[in-house]
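Visitor:
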Amino acid sequence: MNLSDIDIRLLRVFRAVVEAEGFHKAQEQLNISTSTISNHMNQLEARVGFRLCQRGRSGFRLTSKGESFHQAVMEFFAAIHSFQSKADQLRNSHQNAIHLGILDNLATDDQCPLHSALSWFYGPCQSVEPTSLTIEVLAPDTIEKCLVNQSLDIGIGIFDHHHSDLTYQPLYRERDLLVCRPDHHLSRMADPRQLANALAKEKKVVRHFMQKREFPFIAENHDSVVATVCNVEEAALMILHGPFIGFLPWHFARRWLDEGRLVALMPERFVRYSQIFLAYHEENISQKPTARALIDRTKNEHDRIAERLLGA
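Position 54 (the sequence shown) corresponds to 130 in my numbering; numbering is contiguous.
(1) Report buried or exposed for T210, applying the criterion of at least 16 other Cβ atoms within 10 angstroms of its Cβ.
(2) Rounded to whole angstroms, how far is the Cβ of D185 from the Cβ of P319, which I believe are closer than 8 Å?
(3) Select from V149, D241, A215 the residue whose C-alpha is nearest the C-alpha of L87.
(4) Any idea if D254 is buried or exposed, counting beta-carbon neighbours within 10 angstroms, 16 or more meaning buried?
(5) For my contact list, I232 and L179 are in at a C-beta cut-off of 8 Å; report their separation, rounded to the angstrom.
(6) Report the rounded CA-to-CA distance for H378 versus P189, giving the unit in angstroms.
(7) Using a Cβ distance threshold of 8 Å, determine whether the stretch 241 to 251 contacts the stretch 263 to 273, with at least three qualifying pairs required.
(8) For N118 and N172, I'd like the C-alpha separation in whole angstroms.
(9) Can you tell me whether R257 is helix, strand or coil according to DSSP?
(10) Pair every Cβ in the stretch 269 to 281 with every Cβ in the stretch 350 to 365, then say whether three or more of these pairs are closer than 8 Å.
(11) Roughly how many whole angstroms lie between the Cα atoms of I315 and K277?
(12) Would you report the Cα separation of L138 and Q105, rounded to the nearest angstrom?
(13) Give the C-beta separation of H413 and N225 to the nearest angstrom, bearing in mind that I take them to be a contact with Cβ-Cβ under 8 Å.
(14) Measuring alpha carbon to alpha carbon, tell me which of H175, R257, E121 ends up nearest I361.
(15) Please name the residue in F197, E290, K101 whose C-alpha comes closest to that of F136.
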């Protein structure tokens, strides 16, 4: 099979579909319709000459040849990435560029040690600045994938399923409150038992990487999650302008709570804490002294903030 640019694009679609375990879930990542994905898969199967997967009402499943082909595809892209990384290293021999992936809305979180670490990094006490610092807001699973393939240097986010190739440093716990609009009927319930019983049937908004784990006190089989979003800004939009309830980080929701545009539902009871981690690939960081310096400073700032809170 002689590869062309079109074939590589088809392989990227195939990889995304396998990672998403189906056409429907791959739409968001690829930003194309399921019919287009289906056409791409048909083209790829025509090129390789065999069936790659079963799809339809019974669900998505790779064929035995499809599984072997997927492994070869992953090795192919790993080789491309390795080539790109080596080319980048030759172009940037001093290796001062840093690529950082973070969870959304860290800017409003006073607990986040990255704030003061960045101030130090660009301050008068730091003699070596990165030639470039790129920061991307990404979903946690995307951050981890990019750390593993070393297209990201540092990640900060909520990582529930730790990858064996990565190093994780706990930073702090983010406090999430269950909120709704002040005109929502739940905001007028004062009885804890009545409110707890009513929550199960309410329309809920969740982040896609959390799903029903956003509501740990609701039975797993209860199908009341009707809106799925990628980040808390999208969740806030749904809650502020729709009939939804959902968890938002306190630091992010504070402005709307202070303005009376949102109401926290019994915050002493319905509260959830999300552990925020710093993550990186040791093999990658060992070759990037500036990225290592930023990691070390972030850890130091975390320790300083923790000592201040303990002494308060």
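The C-beta atom is built at its ideal place from N, Cα and C for all residues, glycine as well.
Guide: Reading off the structure:
(1) exposed
(2) D185 to P319, Cβ: 28 Å. No contact.
(3) V149
(4) The sequence as given places Leu at residue 254; Asp does not occur at that position. L254 is buried by the Cβ-count criterion.
(5) 6 Å
(6) 5 Å
(7) no
(8) 43 Å
(9) coil
(10) no
(11) 16 Å
(12) 19 Å
(13) One cannot answer for residue 413 here, as it falls past the ends of the chain, which runs 77 to 388.
(14) H175
(15) K101
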